[in-house]
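Participant: Below: one structure in structure tokens.
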Amino acid sequence: NKSKEKYLLTERNFTEIVDRISTNEKDLKSRISNLTEKFDNAEIELGKKEKKIKYYEGPLPKLKTTTIFPNKEKFSHTLTMSKMSQDIENIKYELQKFKTEHTNEFTINKSEINQINERLDNLITNFAKAVPEANKEMMRIKEELIVKDEQIRITKQDLNRAIVSKDHIIQKLESDLEAKIDRINDLTSTIDVLYTQISEVQCAPNVIKHIIDTMQNKGFISDKEFEKILENELVE
Numbered sequence: 072n073k074s075k076e077k078y079l080l081t082e083r084n085f086t087e088i089v090d091r092i093s094t095n096e097k098d099l100k101s102r103i104s105n106l107t108e109k110f111d112n113a114e115i116e117l118g119k120k121e122k123k124i125k126y127y128e129g130p131l132p133k134l135k136t137t138t139i140f141p142n143k144e145k146f147s148h149t150l151t152m153s154k155m156s157q158d159i160e161n162i163k164y165e166l167q168k169f170k171t172e173h174t175n176e177f178t179i180n181k182s183e184i185n186q187i188n189e190r191l192d193n194l195i196t197n198f199a200k201a202v203p204e205a206n207k208e209m210m211r212i213k214e215e216l217i218v219k220d221e222q223i224r225i226t227k228q229d230l231n232r233a234i235v236s237k238d239h240i241i242q243k244l245e246s247d248l249e250a251k252i253d254r255i256n257d258l259t260s261t262i263d264v265l266y267t268q269i270s271e272v273q274c275a276p277n278v279i280k281h282i283i284d285t286m287q288n289k290g291f292i293s294d295k296e297f298e299k300i301l302e303n304e305l306v307e
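For the record, in the sequence shown the residue sitting at position 159 is 230 according to this note's numbering, with numbers rising by one throughout.
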């Protein structure tokens, strides 16, 4: 049970880390995309400013297009250059800022990824340890089941033998009972015959008395005993 809980905990932590890596990757791609877009826009803006500076500093270019630029003579050269220089510095500052943020974000995310990789390595190690433990637990349970199955098989065999033995005993008892019933039936038939014979003899009361005494003492009377009683009574 402990191995199973440890295995489930490791699997859950592994899933959380994978989800976190996926989320961080999506967030990083989105931020890089935004920074790239801002950087491209800044470069475009810088290009425009540089064109303006070249226009104000150099000779008036011969333009074939219909682009209309302000008349150079209407601007103060000093003020214009100062403003352009300030614009350039601002753009350079923004670019440097973007670059720094970009670098910091990569550094932070790299650190987070390293931490996640370290945790992931630990989880993999724990997972590798948990799996053999779980396998050992499963093997132990399997061995216990094999032993219990063997015990059940032996118990079943013993029970079958006991049932067979009891069946034999019951059959013997039934056989003995049937034999006794047959003996009783024979005795009943004998008694009926005896009563018929005794009724024809004058000494019937004495014969019956001797028969009853013999039956009370022995529980039965044999043919020889009966014949002897008759002989004795007839002789008298």
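All C-beta atoms, glycine included, are put in the ideal place defined by N, C-alpha and C.
Can the beta-carbon of I282 be found less than 7 Å from the beta-carbon of I292?
Facilitator: Yes, they are a contact pair.
Participant: If you reduce the DSSP assignment to three classes, tell me which class D118 lands in.
Facilitator: Before going further, note that residue 118 is Gly rather than Asp in the sequence given. Residue state, collapsed to three classes: helix.
Participant: For I282, which of helix, strand or coil comes out of DSSP?
Facilitator: Three-state result, I282: helix.
Participant: If I measure Cβ to Cβ from L301 and keep anything under 7 Å in the same chain, skipping five residues before and after, which residues do I get?
Facilitator: These residues qualify, in order along the chain: V278.
Participant: Helix, strand or coil for F297, going by three-state DSSP, please let me know.
Facilitator: It is helical.
Participant: Report yes if the CB atom of K285 is closer than 7 Å to the CB atom of E296, and no otherwise.
Facilitator: Checking the sequence shown, residue 285 turns out to be Thr, not Lys. Result yes, Cβ atoms of T285 and E296 sit closer than 7 Å.
Participant: In whole angstroms, what is the alpha-carbon distance linking E87 and K227?
Facilitator: Using only the alpha carbons, I get a separation of about 51 Å.
Participant: Which value, in whole angstroms, describes the spacing of the CA atoms of A233 and K219?
Facilitator: So the alpha carbons of these two residues sit roughly 21 Å apart.
Participant: Please report how far the alpha carbon of L381 lies from the alpha carbon of N256, in whole angstroms.
Facilitator: Only positions 72 to 307 of the chain appear in this structure, which leaves residue 381 out of reach.
Participant: What does a CB cutoff of less than 7 Å around S104 pick up in its chain, not counting 5 residues either side in sequence?
Facilitator: The answer is none, since no qualifying residue turns up.
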